[in-house]
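**Q**
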Amino acid sequence: MFKKSVLLSNLYLWLFFIFCLIFLYTIGIDAMKGNIDFEFYADTETYMSISEENYSFQEILLINPNLIGPYTILRLLGNSYYFVFFLNFLIFSYFFLKLTKLYDLNRNLLLVLLIISPIMFGSLIGINKEIFSVLVIALMLVYHKKQKYIYIFLAFLLAFLVRWQMALFVLVYTVMTSKFNPIKDKFFLNVFVFLALVSILYPLNLSSFEDIDSVASEARDNKVEGSGLFSILISIQNYPFGYLIVFIPKALFLLGGILFRFYKVFDFSDIYNNLFIFIQSLLSIILLVQIVRKKISIHNHFIYMGVLYCIIFCLSPIYAPRYLFPCYIFMALALSERKFTDLSLDQSEPIIN
Numbered sequence: 041m042f043k044k045s046v047l048l049s050n051l052y053l054w055l056f057f058i059f060c061l062i063f064l065y066t067i068g069i070d071a072m073k074g075n076i077d078f079e080f081y082a083d084t085e086t087y088m089s090i091s092e093e094n095y096s097f098q099e100i101l102l103i104n105p106n107l108i109g110p111y112t113i114l115r116l117l118g119n120s121y122y123f124v125f126f127l128n129f130l131i132f133s134y135f136f137l138k139l140t141k142l143y144d145l146n147r148n149l150l151l152v153l154l155i156i157s158p159i160m161f162g163s164l165i166g167i168n169k170e171i172f173s174v175l176v177i178a179l180m181l182v183y184h185k186k187q188k189y190i191y192i193f194l195a196f197l198l199a200f201l202v203r204w205q206m207a208l209f210v211l212v213y214t215v216m217t218s219k220f221n222p223i224k225d226k227f228f229l230n231v232f233v234f235l236a237l238v239s240i241l242y243p244l245n246l247s248s249f250e251d252i253d254s255v256a257s258e259a260r261d262n263k264v265e266g267s268g269l270f271s272i273l274i275s276i277q278n279y280p281f282g283y284l285i286v287f288i289p290k291a292l293f294l295l296g297g298i299l300f301r302f303y304k305v306f307d308f309s310d311i312y313n314n315l316f317i318f319i320q321s322l323l324s325i326i327l328l329v330q331i332v333r334k335k336i337s338i339h340n341h342f343i344y345m346g347v348l349y350c351i352i353f354c355l356s357p358i359y360a361p362r363y364l365f366p367c368y369i370f371m372a373l374a375l376s377e378r379k380f381t382d383l384s385l386d387q388s389e390p391i392i393n
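The sequence shown lines up with residues 41 to 393 when you count with this note's numbering.
1) Contact defined as beta carbons within less than 8 Å: I believe tyrosine 191 pairs with valine 202. What is the distance between those atoms, to the nearest angstrom?
2) Between lysine 290 and cysteine 354, what straight-line distance do the alpha-carbon atoms span, to the nearest angstrom?
3) Are the beta-carbon atoms of isoleucine 165 and phenylalanine 125 separated by less than 8 Å?
4) Could you tell me if the beta carbon of isoleucine 62 falls within a distance shorter than 7 Å of some heavy atom in the ligand HEM?
5) Less than 8 Å between the C-beta atoms of leucine 131 and isoleucine 171, yes or no?
6) Please list the terminal residues of the continuous alpha helix (DSSP H) segment that includes cysteine 367.
7) Closest to aspartate 83 by CA distance: which of Leu101, Asn106, Ile76 is it?
8) Hey, would you say phenylalanine 228 sits closer than 8 Å to isoleucine 352, going by beta carbons?
9) On a CA-only basis, which of Asn128, Tyr283, Tyr111, Gln205 is nearest valine 231? Give me that one, please.
10) List the endpoints of the continuous alpha helix (DSSP H) containing glutamine 17.
11) Across which residues does DSSP place leucine 145 in a beta bridge pair?
12) When we look at the beta-carbon of valine 264 and count the other beta-carbons within 10 Å, is it buried (16 or more) or exposed?
13) With a threshold of 8 Å, are at least 3 pairs of Cβ atoms found where one atom belongs to the stretch 137-157 and the other to the stretch 93-107?
14) For leucine 299, collect the residues of the same chain with a Cβ closer than 8 Å to its Cβ; drop the 5 residues on either side in sequence, then sort them by chain order.
15) Thinking just about the alpha-carbon of each residue, which of Ser49, Phe129, Gln187, Tyr242 is nearest to the one in leucine 175?
This is the structure:
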């Protein structure tokens with residue numbers, strides 16, 4: 041029965057690959073080229089157009105350092121839509137097959153939770169940063185099992201293809217789970233200390249975030265109902281220990297705040313935010329409710345990683361629910377686990393599927 045389940049999940053993976061390839065051929069490429077009005081992606085069209093302009097790496101760094109990751113990949117792959125898709129799906133397959141081998145996960149449930157995610161689907165079709173978040177998470181979780189530093193080193197390097205905050209997340213996670221951390225096994229205390237530290241350091245370095253704040257103010261007004269509340273939360277976090285107070289409500293707002301715009305679901309003038317991000321936020325809230333209902337605590341290694349990730353990324357004054365996409369992945373992994381796993385236990389022996 042177990043072997044049959046493995047074969048079925050692998051079959052579903054292949055079927056999903058074929059479906060994505062057909063979508064890319066029939067709709068995806070034309071949409072990313074702007075030939076048809078179907079924006080199922082975030083910044084793919086921007087990345088492609090910039091890469092086709094043949095800017096130098098120095099020019100890209102001057103324009104926006106956050107572009108360097110997708111730009112590098114596109115140049116290496118010759119701006120090919122198909123090569124990008126094959127790379128993306130290879131990363132997705134590595135994540136799924138490797139983690140279901142090392143961890144005791146319900147393969148079919150995990151696969152379903154991954155493929156119903158609109159952000160995951162868009163991440164597979166075109167060039168983007170989210171798919172590299174998936175790869176970084178996979179390498180971090182392989183490191184957790186095998187305790188080989190090469191995996192965390194690769195995760196740290198590849199994290200810069202995403203955002204600098206992702207590299208910070210890898211670094212923080214490594215320190216938190218290191219044997220040199222005297223409170224390594226005190227998970228709530230670890231989180232509290234880290235959150236308190238961020239709450240102190242962020243207000244002391246507000247000048248470094250002035251440009252981001254100005255961009256964020258306009259973006260918030262255009263993206264979500266309740267932007268006034270979001271602005272209040274940001275104002276509070278700008279004070280010492282303010283982030284300690286607003287972290288949970290801000291994280292919940294980022295995860296599900298766009299659900300307040302339910303009446304715009306059928307407004308296709310901004311289909312990515314009005315429909316795809318709405319569905320993604322709805323799925324994230326559903327998974328969060330299940331996490332609470334099943335009483336899966338921070339002692340679960342997937343949830344622990346998700347909370348650390350949240351602390352870093354929710355600090356941003358920019359309202360961008362897709363930045364919390366990895367939180368959806370961590371929740372999907374936690375809910376797919378057949379047997380609760382405690383971080384404090386020895387996890388060095390792999391489970392062979």
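All C-beta atoms, glycine included, are put in the ideal place defined by N, C-alpha and C.
**A** So, from the data block:
1) Between valine 202 and tyrosine 191 the Cβ distance is about 16 Å, and since that is not below 8 Å, they are no contact.
2) 7 Å
3) yes
4) Ligands in the displayed structure: none, and consequently the ligand HEM is not present.
5) For the sequence presented, residue 131 should be read as isoleucine rather than leucine. Yes. Within cutoff.
6) 365-376
7) Answer by Cα proximity: Asn106.
8) no
9) Tyr283
10) Not covered by the structure: residue 17. The range shown for the chain is 41 to 393.
11) Answer is Glu377, bridged to leucine 145.
12) Confidence at valine 264 is low in this model, with a pLDDT of 48, below 50, so its placement is unreliable and no value can be given for it.
13) no
14) Phe318, Ser321, Leu322, Ile325
15) Phe129
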